[in-house]
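Asks: Numbering (the numbering used here), first residue to last: 318 to 569.
Glycine is no exception: its CB is placed at the ideal position from the N, C-alpha and C atoms.
#1: Of the residues 413, 487 and 461, which one's Cα is nearest the Cα of residue 384?
#2: Under the assumption that residue 471 contacts residue 495 (Cβ atoms under 8 angstroms), give the Cβ distance between them as a whole number of angstroms.
#3: Would you mind working out which of 489, 488 and 455 sits nearest residue 389, comparing C-alpha positions?
#4: Can you give, in chain order, each stretch of the alpha helix (DSSP H) that sits fully within the segment 445 to 475 and has at least 4 residues?
#5: Cβ of residue 480 within 7 angstroms of any heavy atom in the ligand PLP?
#6: Rounded to a whole number of angstroms, what is the C-alpha to C-alpha distance between residue 503 and residue 509?
#7: Can you pull the DSSP bridge partners for residue 478?
#8: Is there contact here, the segment 403 to 410 with the segment 484 to 491, by at least three beta-carbon pairs under 8 angstroms?
#9: Where does residue 520 sit, in a helix, a strand or coil, going by DSSP?
#10: Looking at residue 465 and residue 514, is the spacing between their C-beta atoms short of 8 angstroms?
#11: With distances taken from CA atoms, which of 447, 440 and 497 is nearest residue 386?
#12: For residue 427 and residue 403, I'd like the C-alpha separation in whole angstroms.
#13: Residue 393 to residue 476, Cα distance in whole Å?
#14: Work out the CA separation of residue 398 and residue 421 for me, nearest whole Å.
#15: Can you tell me whether residue 406 is helix, strand or coil according to DSSP?
#16: Tell me whether residue 529 sits in a helix, a strand or coil according to DSSP, three-state version.
#17: Could you round the C-beta distance between residue 507 and residue 425 to whole angstroms and report it? I think they count as a contact, below 8 angstroms.
#18: Quick check on DSSP: helix, strand or coil for residue 436?
#19: Have a look at residue 429 and residue 445 and give me their C-alpha separation to the nearest angstrom.
#20: Excluding sequence positions up to five away, which residues of its chain have a Cβ less than 6 angstroms from the Cβ of residue 414?
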């Protein structure tokens with residue numbers, strides 16, 4: 318029989334095509350499964366919950382402890398002062414300022430678009446708190462007013478926080494004459510952008526879903542699942558191909 322008319326050649330071609338198409342059903346199943354798992358990971362409540370500035374446990378824990386504590390006389394006086402005028406200058410450092418200087422700083426605080434609560438006192442280890450940061454947490458927790466709070470001492474770098482406990486970083490270093498140093502601090506704080514001090518909305522308020530997913534929601538999760546499934550499937554078939562070539566070479 319003529320080799321050109323042999324039925325073995327078409328049969329071989331069909332078998333080769335079947336061999337090429339054989340992995341497709343498994344690939345489709347893998348992709349669909351990966352997409353389904355990716356979508357589920359984005360939809361399941363509590364998966365990759367969104368975090369905001371007010372969600373950080375260290376700030377909230379410190380504020381909770383401060384709210385449960387009883388402030389000493391020194392901190393209570395500071396709270397009263399910032400609630401009244403936005404500025405508390407402790408008796409031991411009041412002589413460092415003239416009446417005109419204090420009025421000018423109070424006017425600057427009153428005219429600030431950012432609600433400011435500033436305490437100026439001498440640093441001490443006998444104030445009933447452990448460090449300026451601890452005192453500031455107590456002041457924030459018990460004053461319970463929104464805005465930016467700061468504690469400063471002569472020649473010391475000030476400590477500043479937003480009312481949700483987030484640290485506010487400033488360039489004013491506290492050096493120089495007390496009035497000038499305090500004016501620089503108040504001036505810098507009064508020009509803060511809203512994003513630097515306003516607490517972010519808590520999860521579940523409607524601005525951001527508590528089910529927000531790392532991949533950007535169900536659609537992002539679906540395509541991420543497809544990508545992972547394709548990578549895993551491709552890597553598996555690559556390993557199988559390498560093994561087949563290696564075994565064939567040995568047999569040959």
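Replies: A quick look at the data gives this:
#1: By 1-based counting over the chain shown, the position of residue 384 is 67. Residue 384 has its Cα closest to that of 461, out of 413, 487 and 461.
#2: The residue labelled residue 471 in the question sits at position 154 within the chain shown. The residue labelled residue 495 in the question sits at position 178 within the chain shown. So it is a contact: roughly 5 angstroms between Cβ atoms.
#3: On the chain shown, position 72 is the one that residue 389 refers to. Among 489, 488 and 455, the Cα nearest to that of residue 389 belongs to 455.
#4: Look at the segment 445 to 475 and you find these whole runs of alpha helix (DSSP H), each 4 residues long or longer: 449 to 460.
#5: For the ligand PLP, the structure offers nothing, since it holds no ligand at all.
#6: Translated into positions along the chain shown, residue 503 becomes position 186. Translated into positions along the chain shown, residue 509 becomes position 192. Cα-Cα distance, rounded: 10 angstroms.
#7: Taking the chain shown and counting its residues from 1, one reaches residue 478 at position 161. DSSP lists 466 and 484 as partners of residue 478.
#8: no
#9: The sequence position of residue 520 within the chain shown is 203, counting from 1. Because the pLDDT at residue 520 is just 49, under 50, the model does not fix this residue reliably, and the value given afterwards should be weighed accordingly. Note: residue 520 maps to coil in three-state DSSP.
#10: Sequence index remark: in the chain shown, residue 514 carries index 197 (1-based). Sequence index remark: in the chain shown, residue 465 carries index 148 (1-based). Taking 8 angstroms as the Cβ cut-off, residue 514 and residue 465 qualify as a contacting pair.
#11: As a working mapping, residue 386 is identified with position 69 in the chain shown. With distances taken between Cα atoms, residue 386 lies closest to 447.
#12: The residue you call residue 427 lines up with position 110 of the chain shown. The residue you call residue 403 lines up with position 86 of the chain shown. Straight-line Cα distance between these residues: approximately 7 angstroms.
#13: Indexing the chain shown from 1 puts residue 393 at position 76. Indexing the chain shown from 1 puts residue 476 at position 159. For residue 393 and residue 476, the gap between their C-alpha atoms comes out near 18 angstroms.
#14: Locating residue 421 in the chain shown gives position 104, counting from the first residue. Locating residue 398 in the chain shown gives position 81, counting from the first residue. Their backbone Cα atoms lie some 16 angstroms apart in a straight line.
#15: To locate residue 406, count along the chain shown from 1; it is residue 89. DSSP places residue 406 in strand when its eight states are reduced to three.
#16: Here residue 529 is taken as the residue at index 212 of the chain shown, counted from 1. For residue 529, the predicted model reports a pLDDT of 45, less than 50, meaning its position is unreliable; a value from the coordinates is still stated below. Residue state, collapsed to three classes: coil.
#17: The residue you call residue 507 lines up with position 190 of the chain shown. The residue you call residue 425 lines up with position 108 of the chain shown. The pair is a contact, with the Cβ atoms about 6 angstroms apart (cut-off 8 angstroms).
#18: Translated into the one-based positions of the chain shown, residue 436 becomes position 119. Per DSSP, reduced to three states, the secondary structure at residue 436 is strand.
#19: Working through the chain shown from its first residue, we reach residue 429 at position 112. Working through the chain shown from its first residue, we reach residue 445 at position 128. Going from the Cα of residue 429 to the Cα of residue 445 covers about 31 angstroms.
#20: Along the chain shown, one-based indexing puts residue 414 at 97. Taken in chain order, the residues that qualify are 496.
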